[in-house]
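Just below is one structure, and these are the notes that go with it.
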């Protein structure tokens, strides 16, 4: 199963490159014209076309594109004039820090809530949790971000409105400000980066939590009616132990499959949430590129996220195969 | 009829049905329902950014237009985008899944691999790339959403068709000499229709969310179109004073997406007794 997934990775990546190439080189008819600007003279457009190999036949352009992507060369940003790959790498830690905290919060809060909601099915708590998850899944991430910003930053003034830190971050070790601050023993910076993290993290965590609560609840209900739980209860194993050890383990396997989906949602959420909080990560990079029509950067972002996404899904498959004896 | 009656008995599904019906009504009767239908795209500086009150029920925006009226006309855009994009995605995905699931050969593998590649990127990221390339316009949003969403239906129909492939009634139809097209259209399709309907209903909610995000990022229909996502983006320059400006369109999106999700969940319970709520599949 896992071997099969790994085998399919190269063709999937190739397909991804093909799609991104098709969007950037086939749908958009004349990138050189866009780069040069509306009123550029014809010679200048032609020179640009030649410089980037846009005057070659499409198949040849595609081969060049595949070669470049495989070696990590994503071209130059039309706006910052820096290699796009460099820009993406330098912004990756900010997004990862945000996403990791969000997913940790979502799991730590979501799993117990899902279990309790399942154990007390149709209780008041279950209904409240259900209402909250239904709302969480229907909310537009950018709107939730603005709502939190309005309430906590603008009205109550307890969190910063935008940004990641005052001035410069701690000297990078991992690129995660919170971890770097702890490693350097700088507790003031640590507290400050937590305050900046709070709202964007919460915005990303709430919808992820809704998904986790739903799947954990469904998983627990499913396992609770299975024979082995009946058997364990009949054996006199304490209820608490049956629930938090055996039922939870089986139920979590189903939740785990959703981590890939949740991660995708987090990246999608990051695009708009980072814009609202001016968080210097991949998402705001993508949005800035949109605003500046920097299509080279957008396509590289798409490719980059696709690769990360494929790897995460692979990891989830591996983790599931390890945890679930049926998959072996 | 029985389906409808059972749907109404489920309280949350009924709520979903009511919300969706209200959305359709709002879109169809936007003109008579609006308090200032003629001023939706006008510039009226003296009435800029007024808070909600008896004249402007939900306040006014930066152009001095009535937000309540704009929301009603925005419902038309939301419906247009969601219905068209979902329909196109269904029209691509369902036949693809049917063919792939029915034949189960090399071609099936290829089709499913193609859909996997599309699913390898988060939907909104791919939609952003396409919409950005094509430029901000309503038809480009629809195209971007259709291209990113068809694999969901292809996957679903493929799985369902494959599980039906060895059922006796399908084999009987083939043995009686029915052509593959006839078997697919008259025997397989009706049996999987209910799952397609459920998926489509829930898919509408997802499409609306992504469309709003595209609008928020400036990739939706250009101003002064009353698109909900763009309205929220515009409001950001006037916070925290003009809170109603950001709140109203966001609540509209929330309600509509919730409506489709609740209706979809309810339909699943009614149409597909194998997957009652709280069962194994909660997606």
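Protein chains in written order, with our numbering: chain F, 1 to 328; chain Z, 329 to 611.
Heads up, the beta-carbon is just placed ideally off N, CA and C, and yes, glycines get one too.
Let me check understanding here. Comparing Cα to Cα, which of the options lies closest to residue i?
i                      : options                       : result
residue 142 of chain F : Z:539, Z:376, Z:426 and Z:395 : Z:539
residue 519 of chain Z : Z:492, Z:510, Z:533 and Z:526 : Z:492
residue 579 of chain Z : Z:512, Z:434, Z:497 and Z:396 : Z:396
residue 450 of chain Z : F:319, F:20, F:263 and F:197  : F:263
residue 254 of chain F : F:169, F:148, F:211 and F:36  : F:211
residue 430 of chain Z : Z:573, Z:515 and Z:565        : Z:515
residue 346 of chain Z : Z:523, Z:584, Z:426 and Z:414 : Z:584
residue 150 of chain F : Z:416, Z:560 and Z:364        : Z:560
residue 461 of chain Z : F:164, F:234, F:20 and F:126  : F:20
residue 12 of chain F  : Z:355, Z:486 and Z:438        : Z:438
residue 385 of chain Z : Z:367, Z:406 and Z:362        : Z:362
residue 278 of chain F : F:251, F:294, F:197 and F:218 : F:197
residue 523 of chain Z : Z:329, Z:594, Z:537 and Z:445 : Z:594
Let me see if you follow: with CB-CB separation under 8 angstroms, is residue i close to chain F or not?
i                      : result
residue 478 of chain Z : no
residue 526 of chain Z : no
residue 520 of chain Z : no
residue 566 of chain Z : no
residue 560 of chain Z : yes
residue 606 of chain Z : At residue 606 of chain Z the pLDDT is 42, less than 50, meaning the model places this residue with poor confidence and gives no usable figure here.
residue 377 of chain Z : no
residue 441 of chain Z : yes
residue 597 of chain Z : no
residue 589 of chain Z : yes
residue 572 of chain Z : no
Just the C-alpha distance for residue i and residue j, rounded to the nearest angstrom, thanks.
i                      : j                      : result
residue 308 of chain F : residue 342 of chain Z : 41 angstroms
residue 221 of chain F : residue 479 of chain Z : 30 angstroms
residue 424 of chain Z : residue 8 of chain F   : 21 angstroms
residue 556 of chain Z : residue 393 of chain Z : 14 angstroms
residue 98 of chain F  : residue 64 of chain F  : 35 angstroms
residue 551 of chain Z : residue 331 of chain Z : 42 angstroms
residue 283 of chain F : residue 227 of chain F : 47 angstroms
residue 153 of chain F : residue 270 of chain F : 19 angstroms
residue 390 of chain Z : residue 360 of chain Z : 24 angstroms
residue 308 of chain Z : residue 323 of chain F : Past the boundaries of the shown model lies residue 308 of chain Z; chain Z is included only from 329 to 611, so the question cannot be answered.
residue 116 of chain F : residue 191 of chain F : 32 angstroms
residue 611 of chain Z : residue 159 of chain F : Confidence at residue 611 of chain Z is low in this model, with a pLDDT of 36, below 50, so its placement is unreliable and no value can be given for it.
residue 131 of chain F : residue 95 of chain F  : 29 angstroms
residue 388 of chain Z : residue 569 of chain Z : 12 angstroms
Is it true that the CB of residue j sits closer than 8 angstroms to the CB of residue i?
i                      : j                      : result
residue 181 of chain F : residue 174 of chain F : no
residue 410 of chain Z : residue 512 of chain Z : no
residue 549 of chain Z : residue 466 of chain Z : yes
residue 318 of chain F : residue 259 of chain F : no
residue 474 of chain Z : residue 417 of chain Z : yes
residue 164 of chain F : residue 280 of chain F : yes
residue 23 of chain F  : residue 453 of chain Z : no
residue 588 of chain Z : residue 348 of chain Z : yes
residue 66 of chain F  : residue 17 of chain F  : yes
residue 459 of chain Z : residue 472 of chain Z : yes
residue 184 of chain F : residue 166 of chain F : no
residue 110 of chain F : residue 216 of chain F : yes
Taking Cβ-Cβ distances shorter than 9 angstroms, what residues in chain F pair up with residue i?
i                      : result
residue 414 of chain Z : Simply none; closest approach about 17 angstroms.
residue 481 of chain Z : Near residue 481 of chain Z there are no residues of chain F at all, since even the closest Cβ is about 17 angstroms away, more than 9 angstroms.
residue 581 of chain Z : 138, 139, 140 and 143
residue 356 of chain Z : Here the premise fails: no neighbours, minimum Cβ distance about 23 angstroms.
residue 424 of chain Z : Those do not exist, as residue 424 of chain Z stays about 15 angstroms from chain F at its closest Cβ, beyond 9 angstroms.
Got a sec: is the Cβ-Cβ distance from residue i to anything in chain Z below 8 angstroms?
i                      : result
residue 134 of chain F : yes
residue 6 of chain F   : no
residue 16 of chain F  : yes
residue 199 of chain F : no
residue 260 of chain F : no
residue 295 of chain F : yes
residue 92 of chain F  : no
residue 264 of chain F : yes
residue 316 of chain F : no
residue 286 of chain F : yes
residue 12 of chain F  : yes
residue 155 of chain F : yes
residue 210 of chain F : no
residue 163 of chain F : no
residue 205 of chain F : no
Taking C-beta pairs closer than 9 angstroms, name the residues in chain Z that residue i reaches, listed in chain order.
i                      : result
residue 24 of chain F  : 457 and 461
residue 271 of chain F : 450, 452, 453, 456, 541 and 545
Strictly below 8 angstroms CB to CB, what residues from chain Z border residue i?
i                      : result
residue 290 of chain F : 456, 460, 545, 546 and 547
List the residues of chain F that residue i touches, going by C-beta distances under 7 angstroms, in chain order.
i                      : result
residue 351 of chain Z : Per Cβ cutoff of 7 angstroms: no residues; residue 351 of chain Z is ~13 angstroms from chain F at best.
residue 585 of chain Z : 138
residue 444 of chain Z : 12
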